[in-house]
Each structure stands twice: as structure tokens, then as C-alpha cells.
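Working notes, structure below.
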Amino acid sequence: MQRIPIKFAKPGFILGKEAITPEGQVLCGSDTELTEDLILRLKKQGVLVLTIKGHPVRLPGELPLSERLRELDRRFSKVKKDPVLKALETLIGEFWIEQEKGKDYLKRLKTQKS
Amino acid sequence: MDKEEIRKRLKEVESLPTLPPIVSKLNEMVADEDTTATKLGKIIEKDQVLTSKLLRMVNSSFFGFPQRISTVSNAIVLLGFNVIKTLIVTSSIFEVMQASDVGLFEHSLGCATAAGIIAKRLQIKNPEEVSTAGLIHDLGKIVLRSELPEEYEEIIKITNEKGLYIREVEHQRLGIGHGEIGGMLARQWNLPERLVIPIEYHHKPGSSPDFKDITAIVHFSDILIRALGFGNSGDPWVPSLDHKAWELIKFKKSDVKEVISELDEKLVELQDFTLEIKKDA
């Protein structure tokens, strides 16, 4: 799943979570397919951000997954011996992989590694 | 340059915007038992620019209120006076930061967001105060940049060339780190100790004399937001974890996973918030 500012939404995207206004009002449910009309209506109602299934948008400045994982590893390079931080690095990496490639992919990857 | 000299320089801070005059008026009012949130709100609302900045900050996603806050008196009731006062005191500082160092501004907002999420999960009283401590934890870096620009430039250069932590180079060059510097200034501005101590001890929370829980949360939030690579705080490295502080948080893996997921959602909103601010700047 991916969180995107509504200006990046396109018809055909499927909502991964409910669309909510900043005031907390739910406008439409998970699994709804976006249409041109619906996006316009959500914008008018003040929705700022949507959660979309998959990872269909490359946001400005967003690096490809492989590069993000490499950078993550580099950022942790001074604290590799700390078990708590090592676990944190693993959790962040897994979170990104699951977000972009899905739960099943991550499960397969973890099985392969073990 | 030594600590004493830096202390003197801070007393004569010139290049940073001075405290808005409204702050001393508000301090007097708060000392008066008859003052209500409505009365305080009315005084602040006389300054329209300040009011709009304040409402934009309190409605931004790092405080995470589901309902929009539309008046200053509501903001005071919901967030507490310590938070509102700190936002007023630091509003001009953040303007400097937005203009000169967007990366540090984003890092500070991200740290505030993480701190709020963690504080709520740990059921800390007034989590907005913890968010605010996260927001201003790197105050010392802004002071360094504006008061000692040549030294700061040199510090950044050495940090990058040698691949060190910025605070290591600060200690080598100045004998003092940005935590202590930020603490000095915050104390000079009479910010509450609940906010001063987390600024001062965010890299050594185990040694903090008080407010250990807030300080530990700001310490871990700083680590988490750097780990995620959101914003830029002067060097790219994840800082070492103070295990005494971690004992106070001690999340299970499942907790950390949920925090990361919640934070990730908010960071998308924050990016939009900073883009909006950049447009207005």
C-alpha cells in the first residue's frame, strides 16, 4: 500500500484504506476504485492524502526500493553492533518491502533467507 | 572558542529574531490566576499573522487532532499553554529555519511527529508537549548556523569530509554540542524545563536530571526519523541508542512496527505541509 497526496491520484487506483477528510469524516471505503469524478469530489470535500493498493506512484524525490534499502544500510553503518538498532533497521526494511511488493513477497523473501 | 564565550554570545543573540513582545505580556497574564484560555486567546488573536501561523502549526499533522482547531483559545485548551507559548516563541526561529535549512525543518517536524506517536502509545500525559520538545530539539543547530556562521560552515564541512556525527565535530571545535547550546537559549527564553531538558539531553538522555521519559522519547524519535531518512539534520548517520533511555520505552517489535506504519502515514501529510510552507515562503 502507498500513501499519496491526492494530487497524484489517478482513475483506476484502488483505495487500500477509507478516504477520510482532515476532520475525520469517512467519505468512501477501502477497495473503492477511483474514477475521475470521485477524485474531484474527494478533493472538494478536503481530502488531502489517500492510501492506495500497491505502489503505483513514484513520488517526487522518492528513490527506487533497492536504493532506499542501500541508503538505509548506510545510515545504520555506525551502529551495526547494537541489537536494538539492528532490529529497527530490519523492521524498516521489511516495512518498505511489504509496502511496495506486498505481504506474500516479503514472506517468501524471509523464508528464502532462513 | 570555549563554553563561556559561547554563553556570552548567546546572551547577545543578534541575528536571530527577538522574542515577540507578546510573550512577556502572555507570561504576565499566565501568572495571574484570573486569566482564562479565552482571555489569552483574545490577546494572541489581536496579532493576525501570529494567529494564522499558530493555527497552521496546531492543525498540522504532527499534533494529529482529528478535528480542525479554529480558535487560539481552543488551541490553548487542547494543547496547553506550554505548547502554545513554545510555538509562539519559536515561530520566528522556524521562519529562519524554513528559509535557510528546509532539511533541518523537515527533520524537526518528523521528530515532533514521531515523539507524539510514541508519547501517546506510552500514555504520557500531554503528548503534545512531547511533540513540541521534538519540534525544537535541534534549536542549538539553528543558533549555531545564525550566530556562528563561519564555525558552523566549517563544522558541516568536516562532518561531511570525515563522515562523522555533527555533534562530534561540534565538541572538537567548540567544546560544546548543539544540545547544550539549544538548552542555554531555551532557558534564556524562559521556556519550561519540561522542554529545555529534552533539548539539552537528547543525545545523552540517561544523564538527564529530570523528565527522563520525555527526554528518552525525543532521543528515540530523533533516531527513528534519521533511520527513515526523513529531512536532514546535518549528518546522515543513525545516532547510537542510550540503553538506559530505551529501558523507559522498551517497545516490543510489534509496537515498533505499528509506530513505523503510523509515522509513515503522517510523513506523507507532513511532506505536503512543508511543500505548502515552501510555497508561502
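The listed protein sequences correspond, in order, to chains A and B. Counting with my numbering, you get residues 552 to 665 for the letters of the first sequence. Counting with my numbering, you get residues 4 to 284 for the letters of the second sequence. Even glycine gets a Cβ: it sits at the ideal position worked out from N, Cα and C. All figures in this text were calculated on a predicted structure; none of them were measured in a lab.
message: Any C-beta of chain A within less than 7 Å: which residues of the region 49-75 of chain B qualify?
response: P69, Q70, R71
Around the Cβ of P562 of chain A, are there at least 16 other Cβ atoms within 10 angstroms (buried) or fewer (exposed)? exposed
Please classify P556 of chain A: does DSSP put it in a helix, a strand, or coil?
-> strand
Just to confirm the assignment, what range does the beta strand (DSSP E) spanning I603 of chain A have? 600-603
Closer than 8 Å by beta-carbon distance: list the chain A residues that pair up with L231 of chain B, in chain order. I643
query: Hey, would you say A118 of chain B sits closer than 8 Å to S94 of chain B, going by beta carbons?
result: no
### Query
Taking 8 Å as the CB-CB cut-off, is I565 of chain A touching chain B?
no
Q.
Quick check: what's the CA-CA separation for C579 of chain A versus I571 of chain A?
A. 8 Å
Checklist entry - Is the number of C-beta pairs between the region 188-203 of chain B and the region 156-163 of chain B that are closer than 8 Å three or more? => result no
If the criterion is Cβ atoms closer than 8 Å, does the pair F65 of chain B and L81 of chain B meet it? no
**Prompt:** L107 of chain B touches chain A at which residues, Cβ-Cβ below 7 Å?
**Reply:** Residues of chain A passing the Cβ test: none, with the nearest at roughly 16 Å.
- prompt: Are the C-beta atoms of R554 of chain A and some chain B residue less than 8 Å apart?
  reply: yes
DSSP three-state assignment for I565 of chain A, whether helix, strand or coil:
strand
Identify every residue that forms a DSSP beta bridge with C579 of chain A.
-> A:A570
Check your understanding: At a Cβ cut of 9 Å, what residues of the region 615-640 of chain A count as close to chain B, listed as they run along the chain?
Key -> R619, E622, L623, R625, R626, F627, S628, K629, V630, D633, V635, L636, A638, L639, E640
Note to self: Are the CB atoms of I127 of chain B and E265 of chain B within a distance shorter than 8 Å?
What the structure shows: no
Practice problem: Output yes if chain A places a C-beta closer than 8 Å to the C-beta of D267 of chain B; else output no. | Solution: yes
Requested in this report: Would you tell me roughly how many angstroms separate the C-alpha atoms of T54 of chain B and L142 of chain B, rounded to the nearest one?
Outcome: 22 Å
For chain B, find out if any of its Cβ atoms is closer than 8 Å to the Cβ of P573 of chain A; answer yes or no. yes
Below 8 Å, how does it come out for the region 43-57 of chain B and the region 205-222 of chain B: are there three or more Cβ pairs, yes or no?
no
Review point. Among B:V26, B:S111, B:P24, which residue has its Cα nearest to the Cα of D225 of chain B?
Key: B:S111
For E153 of chain B, list the residues DSSP reports as bridge partners. Answer is none; E153 of chain B lacks a bridge partner.
So if I threshold CB-CB distances at 9 Å, which residues from the region 591-607 of chain A count as touching chain D? This model lacks chain D altogether, as its protein chains are A and B.
Beta-carbon proximity list for D29 of chain B, same chain, < 7 Å, skipping 5 on both sides: Before going further, note that residue 29 of chain B is Leu rather than Asp in the sequence given. Answer for L29 of chain B: L43, I46, K88, listed in chain order.
Selected residue, minimal CA-CA separation from K14 of chain B, among B:P208, B:A189, B:E250
B:A189
* To do: Taking C-beta pairs closer than 9 Å, name the residues in chain B that F559 of chain A reaches, listed in chain order.
  => Under the 9 Å cutoff, chain B gives no residues; its nearest Cβ is about 10 Å from F559 of chain A.
- Task: Can you tell me which of the three DSSP states R613 of chain A falls into?
- Result: According to the sequence provided, residue 613 of chain A is Glu. The question's Arg does not apply to it. Here E613 of chain A sits in coil by DSSP.
What are the partner residues of E584 of chain A, as DSSP defines its beta bridges? A:I565
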